[in-house]
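Engineer: Residue numbering for the sequence shown follows my numbering, beginning at 89 and increasing consecutively.
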Amino acid sequence: MAVVFAWTLDALFGEPPNAWHPVAWLGRLLEAIGARLVQWPPAAAYAGGALAWLLLAAAVGGVAAWVQHRLAEASGGWPWPAVLVTGLLLKPCFAWRMLRDEVAAVEDALAGGLPAGRARAGRLASRDVSCLDAHAVRETAIETLAENLNDSLVAPLFWFAVAGLPGAVVYRFANTADAMWGYRGRWEWAGKWAAHADDLLSWLPARMTALLLAPGWVLGAYRRLRAEAARTPSPNGGWPMAAMALQLGVRLRKPGVYALNADAALPERHHHAQALRLATRAAWMTAGLAAVSAAMSAAAMSAAIPAAIPAAIPAAMPAAIPAAIPAAMPAAMAAGIATPSTTPAAAARPAVTGAAP
C-alpha cells in the first residue's frame, strides 16, 4: 500500500520544489564533494570517489533502514501510519508525472515552432539541440522517455520491491551520483565507481523496462532487440530505447553516436503520442507489480526474520561498515582502474535523473 500512496502523491502533486527535494539535497552534496575529487590525480580521485560513494550509500541506506525498522516497530497492530510515512518517503525516489509532462511538452512546444521545440528538448537531454529538425526533436524526446522510464520509475520501484525503502533510497542515490559524476574527461576517474555502480544496479531493471514497453520483441525477437540495444554506449540505456524504437517502428538516433532501428521511418507527431501511451501503460504496470511484490516481500520477511535480527542491525551497522570498506577497497580499486568507463553523462535533475545522452 505504500507504493499506492506514493503513486497517488506523484499523480496529484508531482515533484516538490528543489528546496524541499531530497534528491536536490543529494545533488548539492555530490557537487561539493565532486568539485574536490576532480582536482586529485587519477588513482587518488578513483579511491576518493569510491570511498565517498560507499560512505554516502551506507549513510542514506542506513538511515532508511533505521526509519523502516522504527516504523514497523511502532506500528503494532495498526500499520496504516507506517504505510503512509513509507509512501511519503518513497515518493521522492521516483518521478513519473514530471517525466511524462516534460516529454509531452516537447510536442506542444513544436506546435509553436521549431525553435520552441528545440528549447524544450534541450531541457531533457545533454546534447546540442540547435541544429535539430522536428523529427530529431521528437527522437530526443522519445529516447529520453524510454531511458528515463527505467531510471525514474522502474528501477527505484524494483529496488523498493526487493529491499524496501533502503533499496529505493540507495538506488536513487546511485543514479544521482552517476548523473553528477559519471562523465568522461575530467570526471573519468572520480566518477568511475559511481558509473559502474549505477550500471550494476540498473542492469536488470533496464531489461525489465524493455519487456514492459515491447513484450513481443523481448519474447519473440530477442536477438534483434539485443543487437539494437548494443549500438548505444550505455550497457543499460539502449534496452528501453531499442524496445521503444522497435515497438513504434521508428528510428531513434543520436547523430554520430548511435542509430536504433536505423532503416525505419522518422518519428512523427502520432509516434510521439503513441510513445507516451506505451510508457504510461508500462508505468501503471510497474506500480502495480511493485505494490504486489513489496507486500509479498514484507509478509515473507515478517514471517522469516526473528525480531532480534532487525533490532541488532542498527547497532551493528556503524562498526561494520567502516571495517568492511578498507578491506574491500584494494581489489575494487584495481578492478575499476583497469576498466574504462562506458556510462554516458546524464543531466543532474531531481526528476528526470537519467536524461538521454
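No residue lacks a Cβ here, since even glycine has one placed at the ideal position from N, Cα and C.
Let's see if you can read the secondary structure: which residues bound the alpha helix (DSSP H) around Ala132?
Structural biologist: 130 to 163 is the extent of the alpha helix (DSSP H) around Ala132.
Engineer: What number of angstroms, rounded off, separates the C-alpha of Met186 from the C-alpha of Thr374?
Structural biologist: About 16 Å.
Engineer: Can you give me the C-alpha to C-alpha distance between Val148 and Tyr259, rounded to a whole angstrom?
Structural biologist: Using only the alpha carbons, I get a separation of about 10 Å.
Engineer: Drop a sphere of 10 angstroms on the beta-carbon of Trp266, count the other beta-carbons inside from all chains shown, and report buried for 16 or more, exposed for fewer.
Structural biologist: The question names Trp, but residue 266 in the sequence shown is Asp. Asp266 should be labelled buried.
Engineer: Alpha carbon to alpha carbon, how far is Gly175 from Phe93? Give it in angstroms, no decimals.
Structural biologist: So the two alpha carbons sit approximately 5 Å from each other.
Engineer: Kindly list the residues whose CB is nearer than 8 Å to the CB of Arg319, restricted to its own chain and excluding five residues on each side of it in sequence; keep chain order.
Structural biologist: Result list for Arg319: Gly326, Ala330, Tyr346, Ala347, Leu348, in chain order.
Engineer: Secondary structure at Tyr346, three-state DSSP: helix, strand or coil?
Structural biologist: It is a strand residue.
Engineer: Please report whether the beta-carbon of Ala256 lies at a distance below 8 Å from any beta-carbon of chain D.
Structural biologist: The chain labelled as chain D is not found in the depicted structure, where only one protein chain is given.
Engineer: Taking 8 Å as the threshold (C-beta atoms), are Arg312 and Trp305 in contact?
Structural biologist: Yes, these two residues count as a Cβ contact at 8 Å.
Engineer: Would you say the segment 205 to 223 touches the segment 238 to 258, given that touching needs at least three Cβ pairs under 8 Å?
Structural biologist: Contact fails: fewer than three Cβ-Cβ distances are below 8 Å.
Engineer: Nearest to Ala350 by CA position, among His360, Leu114, Ala204, Val338, is which residue?
Structural biologist: Considering only alpha carbons, the answer is Val338.
Engineer: Considering only the beta carbon of each residue, do Leu366 and Leu307 sit closer than 8 Å?
Structural biologist: Not in contact: Leu366 and Leu307 (Cβ atoms no closer than 8 Å).
Engineer: From Thr297, Ala333, Pro321, pick the residue whose C-alpha is nearest to that of Gly344; which is it?
Structural biologist: The shortest Cα separation from Gly344 among Thr297, Ala333, Pro321 belongs to Pro321.
Engineer: Mind the definition here: the segment 192 to 202 touches the segment 225 to 235 only if three or more C-beta pairs lie below 8 Å; say whether that holds.
Structural biologist: With the cut-off at 8 Å, the segment 192 to 202 and the segment 225 to 235 touch.
Engineer: Out of curiosity, what's the CA-to-CA distance linking Ala422 and Leu354?
Structural biologist: Residue placement at Ala422 is poorly supported in this model, since its pLDDT is 39, which falls under 50; the coordinates still yield a value, given next. When rounded, the distance between both Cα atoms is 44 Å.
Engineer: Opposite Arg341 in the DSSP bridges: which residues?
Structural biologist: Answer by DSSP bridge pairing, in chain order: Ala347.
Engineer: Compute the Euclidean distance between the alpha carbons of Leu241 and Met89, then round it to the nearest angstrom.
Structural biologist: Cα-Cα distance, rounded: 17 Å.
Engineer: Determine the direct distance from the alpha carbon of Trp166 to that of Asp287, and round the result to whole angstroms.
Structural biologist: C-alpha separation (whole angstroms): 39 Å.
Engineer: Going by alpha carbons, who is nearest to Phe101 out of Gly115, Tyr271, Asp189, Leu118?
Structural biologist: Nearest of Gly115, Tyr271, Asp189, Leu118 to Phe101, Cα basis: Asp189.
Engineer: Which same chain residues, not among the five before or five after Gln362, have their C-beta less than 7 Å away from its C-beta?
Structural biologist: Excluding residues within five positions, the ones whose Cβ falls inside 7 Å are Leu336.
Engineer: So the candidates are Ala224, Pro180, Lys280; which of them puts its Cα closest to the Cα of Leu198?
Structural biologist: Among Ala224, Pro180, Lys280, the Cα nearest to that of Leu198 belongs to Ala224.
Engineer: Can you tell which of Ala370, Met384, Ala99 has the C-alpha that lies nearest to the C-alpha of Asn238?
Structural biologist: Checked all of Ala370, Met384, Ala99; the closest Cα to Asn238 is Ala370.
Engineer: Can you tell me which residues form a DSSP beta bridge with Ala353?
Structural biologist: Answer is Val338.
Engineer: Is Asp221 helix, strand or coil when you go by DSSP?
Structural biologist: Of the three classes helix, strand and coil, the one that applies to Asp221 here is coil, per DSSP.
Engineer: Am I right that Lys280 and Gly115 are in contact with their C-beta atoms under 8 Å? What's the rounded C-beta distance?
Structural biologist: With 8 Å as the limit, Lys280 and Gly115 do not qualify as a contact, their Cβ atoms being about 19 Å apart.
Engineer: When the Cα atoms are used, what is the spatial distance from Val160 to Trp154?
Structural biologist: The sequence shown places Ala at residue 160, rather than the Val named in the question. Those two C-alpha atoms are separated by around 10 Å.
Engineer: Grouping DSSP H, G and I as helix and E and B as strand, with all else coil, what is Asp216?
Structural biologist: It is coil, neither helix nor strand.
Engineer: How far does the alpha helix (DSSP H) with Asp196 in it reach, from first residue to last?
Structural biologist: Looking at the DSSP string, the run of the alpha helix (DSSP H) that includes Asp196 is 184 to 198.
Engineer: Measuring alpha carbon to alpha carbon, tell me which residue in Ser290, Ala162, His360, Phe261 is nearest Leu142.
Structural biologist: Per the Cα distances, Phe261.
Engineer: Using the beta-carbon count (16 or more within 10 Å), is Met384 buried or exposed?
Structural biologist: That one is exposed.
Engineer: Measuring only the C-alpha atoms, how far is Met405 from Ala315?
Structural biologist: Confidence at Met405 is low in this model, with a pLDDT of 48, below 50, so the placement of that residue should be treated as unreliable; the coordinate-derived value is given next. So the two alpha carbons sit approximately 43 Å from each other.
Engineer: Going straight from the alpha carbon of Leu377 to that of Glu103, what length do you get?
Structural biologist: When rounded, the distance between both Cα atoms is 22 Å.
Engineer: Among Ala298, Leu289, Arg274, which has the Cα closest to the Cα of Pro129?
Structural biologist: Closest by alpha carbon: Arg274.
Engineer: Return yes when the Cβ of Ala243 is within less than 8 Å of the Cβ of Leu289, no when it is not.
Structural biologist: It is a contact, given that the beta carbons lie within the stated cut-off.
Engineer: Taking the C-alpha atoms as reference points, what is the distance between Ala382 and Gly252?
Structural biologist: Their Cα atoms are separated by approximately 7 Å.
Engineer: If you draw a straight line from the alpha carbon of Ala145 to that of Ala352, how long is it in whole angstroms?
Structural biologist: If I take the Cα positions, the gap works out to 42 Å.
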